[in-house]
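If you read the protein sequences in the order shown, they are chains A and B. The opening position of the first sequence corresponds to residue 120 in the working numbering, with each subsequent residue numbered one higher. The opening position of the second sequence corresponds to residue 120 in the working numbering, with each subsequent residue numbered one higher. In this text, a Cβ means the ideal position worked out from N, Cα and C, and glycines have one as well. Below: one structure, written as structure tokens.
There are 2 protein chains.
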Amino acid sequence: MAERKKKEEAPAAATVKRAPRKLDGLDQKTLKLIEGTADRVRTKIDGRALPELKFPTRALSNVKYDAKVGYFELGRGQTARALSVNTVKSFAQTLRLMAISKEMVENNDFATKREAYYVSKNWGDCKFNEQVESDTVMDDIEALASLEGLSREQLRYYPEEHGGSVAGELVVIDTDAETGRPIEIDCTGFGSGSYSIPHSVEHLGFKTDAKFVLAIETGGMFQRLNNHKYWKAAKCILVETAGVPTRATRRFIRRLADDKKIPVYAFVDCDPYGIANIYRTLKVGSGNAAHINRFFCVPQAQYLGVTPQDIHDFKLQDATHKLLEVDVKRAKDALKNDPFFVAHKPWIRAIEQMLSMGVRAEQQALAKWGLNFVIEEYLPRKLKEKKFLP
Amino acid sequence: MAERKKKEEAPAAATVKRAPRKLDGLDQKTLKLIEGTADRVRTKIDGRALPELKFPTRALSNVKYDAKVGYFELGRGQTARALSVNTVKSFAQTLRLMAISKEMVENNDFATKREAYYVSKNWGDCKFNEQVESDTVMDDIEALASLEGLSREQLRYYPEEHGGSVAGELVVIDTDAETGRPIEIDCTGFGSGSYSIPHSVEHLGFKTDAKFVLAIETGGMFQRLNNHKYWKAAKCILVETAGVPTRATRRFIRRLADDKKIPVYAFVDCDPYGIANIYRTLKVGSGNAAHINRFFCVPQAQYLGVTPQDIHDFKLQDATHKLLEVDVKRAKDALKNDPFFVAHKPWIRAIEQMLSMGVRAEQQALAKWGLNFVIEEYLPRKLKEKKFLP
Numbered sequence: 120m121a122e123r124k125k126k127e128e129a130p131a132a133a134t135v136k137r138a139p140r141k142l143d144g145l146d147q148k149t150l151k152l153i154e155g156t157a158d159r160v161r162t163k164i165d166g167r168a169l170p171e172l173k174f175p176t177r178a179l180s181n182v183k184y185d186a187k188v189g190y191f192e193l194g195r196g197q198t199a200r201a202l203s204v205n206t207v208k209s210f211a212q213t214l215r216l217m218a219i220s221k222e223m224v225e226n227n228d229f230a231t232k233r234e235a236y237y238v239s240k241n242w243g244d245c246k247f248n249e250q251v252e253s254d255t256v257m258d259d260i261e262a263l264a265s266l267e268g269l270s271r272e273q274l275r276y277y278p279e280e281h282g283g284s285v286a287g288e289l290v291v292i293d294t295d296a297e298t299g300r301p302i303e304i305d306c307t308g309f310g311s312g313s314y315s316i317p318h319s320v321e322h323l324g325f326k327t328d329a330k331f332v333l334a335i336e337t338g339g340m341f342q343r344l345n346n347h348k349y350w351k352a353a354k355c356i357l358v359e360t361a362g363v364p365t366r367a368t369r370r371f372i373r374r375l376a377d378d379k380k381i382p383v384y385a386f387v388d389c390d391p392y393g394i395a396n397i398y399r400t401l402k403v404g405s406g407n408a409a410h411i412n413r414f415f416c417v418p419q420a421q422y423l424g425v426t427p428q429d430i431h432d433f434k435l436q437d438a439t440h441k442l443l444e445v446d447v448k449r450a451k452d453a454l455k456n457d458p459f460f461v462a463h464k465p466w467i468r469a470i471e472q473m474l475s476m477g478v479r480a481e482q483q484a485l486a487k488w489g490l491n492f493v494i495e496e497y498l499p500r501k502l503k504e505k506k507f508l509p
Numbered sequence: 120m121a122e123r124k125k126k127e128e129a130p131a132a133a134t135v136k137r138a139p140r141k142l143d144g145l146d147q148k149t150l151k152l153i154e155g156t157a158d159r160v161r162t163k164i165d166g167r168a169l170p171e172l173k174f175p176t177r178a179l180s181n182v183k184y185d186a187k188v189g190y191f192e193l194g195r196g197q198t199a200r201a202l203s204v205n206t207v208k209s210f211a212q213t214l215r216l217m218a219i220s221k222e223m224v225e226n227n228d229f230a231t232k233r234e235a236y237y238v239s240k241n242w243g244d245c246k247f248n249e250q251v252e253s254d255t256v257m258d259d260i261e262a263l264a265s266l267e268g269l270s271r272e273q274l275r276y277y278p279e280e281h282g283g284s285v286a287g288e289l290v291v292i293d294t295d296a297e298t299g300r301p302i303e304i305d306c307t308g309f310g311s312g313s314y315s316i317p318h319s320v321e322h323l324g325f326k327t328d329a330k331f332v333l334a335i336e337t338g339g340m341f342q343r344l345n346n347h348k349y350w351k352a353a354k355c356i357l358v359e360t361a362g363v364p365t366r367a368t369r370r371f372i373r374r375l376a377d378d379k380k381i382p383v384y385a386f387v388d389c390d391p392y393g394i395a396n397i398y399r400t401l402k403v404g405s406g407n408a409a410h411i412n413r414f415f416c417v418p419q420a421q422y423l424g425v426t427p428q429d430i431h432d433f434k435l436q437d438a439t440h441k442l443l444e445v446d447v448k449r450a451k452d453a454l455k456n457d458p459f460f461v462a463h464k465p466w467i468r469a470i471e472q473m474l475s476m477g478v479r480a481e482q483q484a485l486a487k488w489g490l491n492f493v494i495e496e497y498l499p500r501k502l503k504e505k506k507f508l509p
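Okay, structure coming up:
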């Protein structure tokens, strides 16, 4: 009896058998990159020469902007790291991180940047002392892979955060880890809840007849549109960005929009943060991470609102807030220094209009006309007029 | 042809017909509270007397702590607000907000606190000038409702943020807004993604055979356990809190654990923030919001790890970080001033052990022994030993 009790209390087997890994084209490419790099190092060593690793230079000096491409790109500058007494540790660490990447691709596993740092604690003298060291090495590897069209997620190093909720006319196709069979996730079936985007979306497929993706800044607005099934009435897909969208959320929208050729409309607060941080990051990426923009920006995004002109058109004046000093600074900085805004006259006019009005308006300010004014009046009118900012 | 083209481009109808609202017991109770309050005011006015509204006093002086109850509770102190020249505006605002609440219950709608503030912009002289004003009035109403066992969500005022992802052996039962029929959301079916908890969870039902709920601090750890289907091997439900859990996440775990009588284990970083902020907020709520703790704390939660003793037991010493000054301050403050820790000797010992070691350890530090050590060794051993902190 005591024996039996013990058995019952023992924890269930802790692991589930996982399906053997089928490597897809991008996985093959990832392995080729890693093996090619390792081979070159090995050949040099076998030939008694000093091996070197070459990485794209990650600095503003090596960034180019082409309005047609639509985002900041990495230039051709390269930095070589030859094996020497001074570089031996980071040289070894780089190869180690790439070796783990190979293993993870083969085993269909992943690591966060933080986990990668901790894994190194078992490397003896080669271990990282601070995470900033492993992050730097990883950024180099990421930049290298980006030249081959491979993202860090493809190397199986996932970001720590995900976030981003989805509801509406979309079926996400994922793979069951245990059986290897495709599974379909119907984003119309979550009721008042929603689908939470995973940390990496590279493996996902999509089925949809939606006419557009609506990227929404605030949780409250997302919940309103979802609870009222706005996605059904307007035949669209709702994505909550919850402020500046994470890598996973941006990549999800990008892959979906590319794959299904549907437009993306951003619905954010009318303030310098909503425009110059949330929207701009979604659309063109950020300047100090040029090597990842090609994966993570959504060049097809357009700005639906709230626009400074909306404050007039929808009589929201008494539901606005005064621009703070930091808002004014951010707006002026965008006008002066940001190649994206500088390249688009309609944006210059809109930001100047906001500065001259001296106020900002949140998307929820539309509730002044009733909680569901946004559904019944605002969005239909904006979508009909189609006067989006670029 | 032009006509036809135009028709195609016109936006779809913006609204979906919603099912007529079936009021449940809590809705009836909410309406009774609002109507009762309004009736009392009306009767006084009809009798040419000055009406008054009474609210529980929301201050530390009106808080009681009973270790058996397990969370800070509101005392019997009341504050009366009689109608006068000075109070007429907030008096009217209070009644207005309660009137909107009634309307929302009847129409199955909701508003965020921010939306409620904006709605007032159409109230003429009665409007709120700043959101802090409407928040204060709403806190009073919330405290009043809490005495009847009604949360703010029941009044249909939802928090702005939600967050909280769920995966594993759980079927969530929601209601289709359009048809009014129940829908089942199977949290084993989302692949590498997950179920995102809505802003309010009062209306949800649950079906599960899970043995426990595992509340996980970090997104990276949640993704690992989900990708490896740990929830299947261990027959459990995974909930990602992403730091300090939101109201919606706490309420979700609480309702699930109450309803299904299953234990809740917290798996967080071993540092004063993980212990004294994340875990304590989950378990007993917070001191300055005593009127909501009865809904939002999870008194059945236990602390699985990472514990200071785990740093020894799993040889994580070289994967720790030094406690910062702010960590030491927070830990000492918990030992001295926090009635929850003060009431539990095992916690005093654990926190003192952490202070004497002078280090903290993240849950991902377990990756030192391999990425999946946490699944294959750590969690099974902890669950078998069942030596949880209270």
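What first and last residue would you give for the alpha helix (DSSP H) that runs through residue 429 of chain A?
-> As a first step, residue 429 of chain A must be located in the first sequence, where it is residue number 310. Where residue 429 of chain A is concerned, the enclosing alpha helix (DSSP H) stretches over 427-432.
Any chain B beta carbon closer than 8 Å to residue 238 of chain A | Your numbering for residue 238 of chain A matches position 119 in the first sequence. It does; some Cβ of chain B falls within 8 Å.
Could you give the distance in angstroms between the alpha-carbon of residue 206 of chain B and the alpha-carbon of residue 173 of chain B?
-> Position 87 of the second sequence, counted from the start, is the residue given in the question as residue 206 of chain B. Position 54 of the second sequence, counted from the start, is the residue given in the question as residue 173 of chain B. Their Cα atoms are separated by approximately 13 Å.
Terminal residues of the continuous beta strand (DSSP E) containing residue 267 of chain A?
-> As a first step, residue 267 of chain A is located in the first sequence; it is residue number 148 there, counting from the start. Per DSSP, residue 267 of chain A lies in no beta strand (DSSP E) and is assigned neither H nor E.
Taking 8 Å as the CB-CB cut-off, is residue 337 of chain A touching chain B?
-> The residue given as residue 337 of chain A occupies position 218 in the first sequence. Chain B contact via Cβ: present.
Determine the extent of the beta strand (DSSP E) in which residue 305 of chain A is found, giving its start and end residues.
-> What you label residue 305 of chain A is simply residue 186 of the first sequence in a count that begins at 1. Under the DSSP assignment, residue 305 of chain A falls in the beta strand (DSSP E) whose first and last residues are 301-305.
Given that residue 308 of chain A touches chain B, what residues does it touch there, using C-beta distances under 8 Å?
-> As a first step, residue 308 of chain A must be located in the first sequence, where it is residue number 189. The contacting residues are 302 and 304.
Among all the DSSP beta bridges, which residues are the ones paired with residue 335 of chain A?
-> Stepping through the first sequence from its first residue, residue 335 of chain A is reached at position 216. DSSP, once it has assigned bridges, lists A:359 and A:386 as partnering residue 335 of chain A.
If I'm right that residue 256 of chain A touches residue 202 of chain A with Cβ under 8 Å, what's the distance once you round it to whole angstroms?
-> Here residue 256 of chain A refers to the residue found at position 137 when the first sequence is read from its first residue. Here residue 202 of chain A refers to the residue found at position 83 when the first sequence is read from its first residue. Not really, about 15 Å apart at Cβ, beyond 8 Å.
Measure the alpha-carbon distance for residue 424 of chain B versus residue 345 of chain B and round it to whole angstroms.
-> Looking up residue 424 of chain B in the second sequence gives position 305. Looking up residue 345 of chain B in the second sequence gives position 226. Rounded to whole angstroms, residue 424 of chain B to residue 345 of chain B spans 18 Å at the Cα level.
Among A:418, A:349, A:398 and A:273, which one has its Cα closest to the Cα of residue 373 of chain A?
-> What you label residue 373 of chain A is simply residue 254 of the first sequence in a count that begins at 1. Considering only alpha carbons, the answer is A:418.
Output, in chain order, the set of chain A residues within a Cβ distance shorter than 7 Å of residue 438 of chain B.
-> Taking the second sequence and counting its residues from 1, one reaches residue 438 of chain B at position 319. By Cβ distance, chain A contributes 237 and 240.
Over what stretch of residues does the alpha helix (DSSP H) that includes residue 162 of chain B continue unbroken?
-> Position 43 of the second sequence, counted from the first residue, corresponds to residue 162 of chain B. Bounds of the alpha helix (DSSP H) holding residue 162 of chain B are 144-165.
With respect to the alpha helix (DSSP H) encompassing residue 469 of chain B, which residues constitute its N-terminal and C-terminal limits?
-> The residue you call residue 469 of chain B lines up with position 350 of the second sequence. Element bounds for residue 469 of chain B: 464-476.
State yes or no: is the beta carbon of residue 456 of chain A nearer than 8 Å to at least one beta carbon in chain B?
-> Locating residue 456 of chain A in the first sequence gives position 337, where the first residue counts as 1. So, not an interface residue.
From residue 124 of chain A to residue 144 of chain A, what distance separates their C-alpha atoms?
-> Along the first sequence, read from residue 1 onward, the residue named residue 124 of chain A stands at position 5. Along the first sequence, read from residue 1 onward, the residue named residue 144 of chain A stands at position 25. Any reading at residue 124 of chain A must be qualified, since the residue scores a pLDDT of 43, below 50, and its modelled position is unreliable; no value is offered.
Mind listing the chain B neighbours of residue 425 of chain A? Cutoff is C-beta to C-beta under 7 Å, in chain order.
-> Taking the first sequence and counting its residues from 1, one reaches residue 425 of chain A at position 306. Using a Cβ-Cβ cut-off of 7 Å, residue 425 of chain A is close to nothing in chain B; its nearest Cβ partner there is about 12 Å away.
For residue 487 of chain A and residue 438 of chain A, believed in contact at Cβ under 8 Å, the rounded distance | For the purposes of this step, residue 438 of chain A is identified with residue 319 of the first sequence, where counting begins at 1. For the purposes of this step, residue 487 of chain A is identified with residue 368 of the first sequence, where counting begins at 1. Cβ-Cβ separation between residue 438 of chain A and residue 487 of chain A: approximately 4 Å, consistent with a contact (criterion under 8 Å).
Just the chain B side, please: which residues come within less than 8 Å of residue 90 of chain A by C-beta, in chain order?
-> Chain A is shown only over 120 to 509; residue 90 of chain A falls outside these bounds and no answer can be derived.
Are three or more beta carbon pairs between the segment 258-273 of chain B and the segment 334-351 of chain B nearer than 8 Å?
-> Flag = no, the segment 258-273 of chain B and the segment 334-351 of chain B do not touch.
With 8 Å set as the bound, which would you pick, yes or no: does the beta-carbon of residue 209 of chain A sit closer than that to a beta-carbon of chain B?
-> Here residue 209 of chain A refers to the residue found at position 90 of the first sequence. No, no contact with chain B.
Using the C-alpha atoms, what's the distance from residue 426 of chain B back to residue 483 of chain A?
-> Within the first sequence, the letter at position 364 stands for residue 483 of chain A. Within the second sequence, the letter at position 307 stands for residue 426 of chain B. CA-CA distance, residue 483 of chain A to residue 426 of chain B, rounds to 43 Å.
Find the residues of chain B that neighbour residue 295 of chain A, judging by a C-beta separation of less than 8 Å, and give them in chain order.
-> Locating residue 295 of chain A in the first sequence gives position 176, counting from the first residue. Residues of chain B passing the Cβ test: 310.
Residue interval of the beta strand (DSSP E) (run including residue 293 of chain B) = Taking the second sequence and counting its residues from 1, the one referred to as residue 293 of chain B is at position 174. First-last of the beta strand (DSSP E) with residue 293 of chain B: 290-294.
Chain A partners of residue 280 of chain B, CB-CB under 7 Å?
-> Residue mapping note: residue 280 of chain B aligns to position 161 of the second sequence, counting from 1. Going along chain A in sequence order, the residues near residue 280 of chain B (Cβ under 7 Å) are 338.
Excluding the five sequence neighbours on either side, which residues of its own chain have a C-beta within less than 7 Å of the C-beta of residue 393 of chain B, listed in chain order?
-> The count along the second sequence starts at 1 and reaches residue 393 of chain B at position 274. Excluding residues within five positions, the ones whose Cβ falls inside 7 Å are 336 and 387.
Which stretch, first to last residue, makes up the beta strand (DSSP E) that contains residue 220 of chain B?
-> Counting from one through the second sequence, the residue named residue 220 of chain B turns up at place 101. Segment 207-226 is the alpha helix (DSSP H) holding residue 220 of chain B; no beta strand (DSSP E) there.
For residue 188 of chain B, which residues does DSSP report across the bridge?
-> Indexing the second sequence from 1 puts residue 188 of chain B at position 69. Within the DSSP bridge table, the entry for residue 188 of chain B names no partner.
Whole-number beta carbon distance between residue 254 of chain A and residue 232 of chain A, since they are thought to touch under 8 Å | Here residue 232 of chain A refers to the residue found at position 113 of the first sequence. Here residue 254 of chain A refers to the residue found at position 135 of the first sequence. With 8 Å as the limit, residue 232 of chain A and residue 254 of chain A qualify as a contact, their Cβ atoms being about 6 Å apart.
Give the range of the alpha helix (DSSP H) segment to which residue 349 of chain B is assigned.
-> In the second sequence, counting from the first residue as 1, residue 349 of chain B sits at position 230. Going by DSSP, residue 349 of chain B is part of the alpha helix (DSSP H) stretching over 349-352.
Under three-state DSSP, which class holds residue 261 of chain A?
-> In the first sequence, residue 261 of chain A corresponds to position 142, counting from 1. Correct three-state label for residue 261 of chain A: helix.
Identify whether residue 252 of chain B lies in helix, strand or coil by the three-state DSSP scheme.
-> By 1-based counting over the second sequence, the position of residue 252 of chain B is 133. Annotated three-state conformation of residue 252 of chain B is helix, per DSSP.
Taking DSSP as the reference, what is the three-state secondary structure of residue 198 of chain A?
-> Within the first sequence, numbered from 1, the residue matching residue 198 of chain A stands at position 79. If DSSP states are grouped into helix, strand and coil, residue 198 of chain A belongs with the strands.
Would you mind giving the Cβ-Cβ distance between residue 312 of chain A and residue 293 of chain B, rounded to the nearest angstrom? I have them listed as a contact below 8 Å.
-> In the first sequence, counting from the first residue as 1, residue 312 of chain A sits at position 193. In the second sequence, counting from the first residue as 1, residue 293 of chain B sits at position 174. 7 Å between Cβ atoms; contact.
Cutoff 8 Å; reference residue 320 of chain A; Cβ partners in own chain excluding five residues on either side = The residue given as residue 320 of chain A occupies position 201 in the first sequence. 272, 367, 370, 371 and 374.
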